[in-house]
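Going by our numbering, the letters in the sequence shown line up with residues 5 to 443, in that order. Backbone N, C-alpha and C fix where the C-beta goes; we use that ideal spot for every residue, glycine too. Since the structure is predicted, the reported quantities are computational estimates derived from the model, not experimental observations. Reading through the structure tokens given below for one structure.
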Amino acid sequence: MATAGRPSRTALSPPAPPCNLAAACCFVLLVPILLAGQQVAVAESLSIGVNYGQIANNLPSPAQVSWLLRSMRISKVKLYDADPNVLRAFLGTGVEFVVGIGNEYVPAMVSPAAAQAWLQQHVVPYLLAGARITCVTVGNEVFKGNDTALQAAVLPAMQSVHRALGALGLQGRVNVTTAHSLDIMGVSFPPSAGAFHPAALAHLQPFLGFLSATRAPFLINCYPYFAYKDDPARVPLDYVLFRPDAAGVVDARTGLRYDNMLYAQVDAVYAAIQGLGYTDVEVKVSETGWPSRGDADEPGATPEYAGTYIRNLLQRIEMKQGTPLRPATPVDVYVFALFNENLKPGPASERNYGLFYPDGTPVYNVGLNGYLPPMLVSSSTAGRQVHILDCTTGYLIVRVLSRFSGALGLGESESADWHGQVIRLFALVIIASVAFVLS
Numbered sequence: 005m006a007t008a009g010r011p012s013r014t015a016l017s018p019p020a021p022p023c024n025l026a027a028a029c030c031f032v033l034l035v036p037i038l039l040a041g042q043q044v045a046v047a048e049s050l051s052i053g054v055n056y057g058q059i060a061n062n063l064p065s066p067a068q069v070s071w072l073l074r075s076m077r078i079s080k081v082k083l084y085d086a087d088p089n090v091l092r093a094f095l096g097t098g099v100e101f102v103v104g105i106g107n108e109y110v111p112a113m114v115s116p117a118a119a120q121a122w123l124q125q126h127v128v129p130y131l132l133a134g135a136r137i138t139c140v141t142v143g144n145e146v147f148k149g150n151d152t153a154l155q156a157a158v159l160p161a162m163q164s165v166h167r168a169l170g171a172l173g174l175q176g177r178v179n180v181t182t183a184h185s186l187d188i189m190g191v192s193f194p195p196s197a198g199a200f201h202p203a204a205l206a207h208l209q210p211f212l213g214f215l216s217a218t219r220a221p222f223l224i225n226c227y228p229y230f231a232y233k234d235d236p237a238r239v240p241l242d243y244v245l246f247r248p249d250a251a252g253v254v255d256a257r258t259g260l261r262y263d264n265m266l267y268a269q270v271d272a273v274y275a276a277i278q279g280l281g282y283t284d285v286e287v288k289v290s291e292t293g294w295p296s297r298g299d300a301d302e303p304g305a306t307p308e309y310a311g312t313y314i315r316n317l318l319q320r321i322e323m324k325q326g327t328p329l330r331p332a333t334p335v336d337v338y339v340f341a342l343f344n345e346n347l348k349p350g351p352a353s354e355r356n357y358g359l360f361y362p363d364g365t366p367v368y369n370v371g372l373n374g375y376l377p378p379m380l381v382s383s384s385t386a387g388r389q390v391h392i393l394d395c396t397t398g399y400l401i402v403r404v405l406s407r408f409s410g411a412l413g414l415g416e417s418e419s420a421d422w423h424g425q426v427i428r429l430f431a432l433v434i435i436a437s438v439a440f441v442l443s
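Next comes the structure, spelled out in structure tokens:
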């Protein structure tokens, strides 16, 4: 989000208002905070990523979202487009991005000129400015529908984008792939029998050849919730929610035991890929989540179950373990989604996958307490001037104060007890003081 520049402090300017003691103390505190740099965020980042969808009319600004995500220690974000406002808001933060080309643009990307033009507009300027864009997805779930023209275009479009990256000197720095729905599977149980749907095979054989040659990942959107919703009487809830006391299932062909459905789904995809002769393509979960609310015919869509699924998933991912079939390869996961999106079509569940409400309030408690900064506004007789505190500075204020509380044996401010609330309040007082001085 673009912000107004700082007012000029020339001789013709009106004198600055006197600083009070609180503001002066604020600047003293800011010195070590600014010197701390952003190593705090990088050193303590979580392994999990998040999908940042924007099909809504009530979401916070990208600058505020930048604050929120870094205060949650999330450093991997997946977009469904390449929103310049988002990429600008995260410049210099070290957050890693997956950007997307929408399905409606995929056929045009077959043209080398169109692919290069898209990259020069949506990727290159931000890489040069310091953004971390590591992957471009060409389309999303293109094999789920019946658009045969789109399905036929996705691989040529990916190849075109890949060649354009090479022409721009970015080959090897930015991967090119696409995300698939689990509907692409014809067989998914037992995991070792995993096989792709026959209708997709003609496209997937050369597609996997491209991924293998370019060392790009196979992205799959996995939702154990759908399996539970379709047959709650037969699908064990403990198994889909990662509960530690789940009985699990044993793949009779391999003897491998699965204590959760998500990892069984991932291994089914691995088995399907291996069945086509590829063993060097990594599978990443580009979407998974659980709705906190749904329609009457959507059982299990509750805040309790959603919180349990995400909380247990986070704990499992932070263990950095692989699946039973690939134990040495930690599972890479992007949670769907950051916010509830009120304009998404379909059943009520589609609008209720968010970790947060648009005002930054958690939908349920999974231990990811974030900070959504307010918009700070000041005015003068010469005209109105809006000041938005730089998100990086504000974030560092909160993190350093958190560390200060930890040094005193109080624990970090991510905790939900009284000292965490005091630290947050102190941080907001400092931020307000900075805004006053800047005004």
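Secondary structure at Thr141: strand, using DSSP grouped into helix, strand and coil. The straight-line gap separating the alpha-carbon atoms of Tyr375 and Val110 is approximately 37 Å.
Distances from the CA of Ala93 to each of Ala118, Arg136, Gln120 were compared; the closest alpha carbon is that of Arg136. Of the candidates Asp255, Leu215, Leu95, Leu215 places its Cα closest to the Cα of Asn179. DSSP places Leu223 within a strand segment (E or B) once states are collapsed to three.
Here the region 255-264 makes contact with the region 189-198; the two share three or more CB pairs at distances below 8 Å. Taking C-beta atoms as the reference points, Arg261 and Asn316 fail to come closer than 8 Å. Sixteen is the threshold: since fewer than 16 other Cβ atoms of the shown chains lie within 10 Å of the Cβ of Asp234, the residue is exposed. As computed with DSSP, His184 is found in a beta bridge with Ile224.
Relative to Leu63, the option among Glu345, Ala168, Pro378 whose CA is nearest is Glu345. Pairing Val273 with Met189, the inter-Cα distance amounts to about 8 Å.
Between Tyr229 and Pro295, the beta carbon gap of about 7 Å places them in contact (Cβ cut-off 8 Å).
Taking a contact as a CB-CB distance under 8 Å, the pair Leu318 and Val370 counts as one, their CB atoms being some 6 Å apart.
Buried is the label assigned to Leu372, since at least 16 other Cβ atoms lie within 10 Å of its Cβ.
Here the alpha carbon of Ala231 sits roughly 12 Å from the alpha carbon of Asn264.
For Ser353, there is no enclosing beta strand (DSSP E), as DSSP marks it with neither H nor E. Contact between Tyr282 and Asn55 fails: their C-beta atoms lie close to 26 Å from each other, not under 8 Å. By the Cβ neighbour-count rule, Gln124 is exposed, with fewer than 16 other Cβ atoms within 10 Å of its own.
Phe340 is positioned such that its CB atom lies closer than 8 Å to that of Glu291.
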